[in-house]
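As structure tokens, the structure follows; a few thoughts come after it.
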Amino acid sequence: IEATARLDFLWRLLARQEMEEMAVLRKHNEDLLNNMLPSHIARHFLNKDPDDEVR
């Protein structure tokens, strides 16, 4: 049980670190898009709602 608890702890720690890294990368990507594109177009690409896509 102790080994399982340790592995669970390490997995959660790694998952938390990866989530933080993803948040930083998303912020950098948002900043890049906002600097390169007009704001209304950047908002379109940053929209998290896939139902907003034109088919």
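If you're matching positions, the sequence shown starts at 1031 in the numbering used here and goes up one per residue. Note that CB positions come from ideal geometry on N, CA and C, so glycine has one too.
### Message
Quick test of your reading: residue 1063 and residue 1043, contact by CB under 8 Å. State the CB separation rounded to the nearest angstrom.
### Response
Sequence index remark: in the sequence shown, residue 1063 carries index 33 (1-based). Sequence index remark: in the sequence shown, residue 1043 carries index 13 (1-based). Actually they do not touch by this definition, with Cβ atoms about 31 Å apart.
### Query
Is DSSP giving residue 1076 helix, strand or coil here?
Position 46 of the sequence shown holds residue 1076. The answer is helix: DSSP assigns residue 1076 an H, G or I state.
### Message
Residues in the same chain with beta-carbon distance under 8 Å from residue 1050, minus the five sequence neighbours each way, listed in chain order, please.
### Response
Counting from one through the sequence shown, the residue named residue 1050 turns up at place 20. The answer is none, since no qualifying residue turns up.
### Query
Which value, in whole angstroms, describes the spacing of the CA atoms of residue 1047 and residue 1038?
Counting from 1 along the sequence shown, the entry for residue 1047 is found at position 17. Counting from 1 along the sequence shown, the entry for residue 1038 is found at position 8. Whole-angstrom Cα-Cα distance: 14 Å.
### Secondary structure of residue 1067, DSSP reduced to three states
As a working note, residue 1067 is residue 37 in the sequence shown. Here residue 1067 sits in coil by DSSP.
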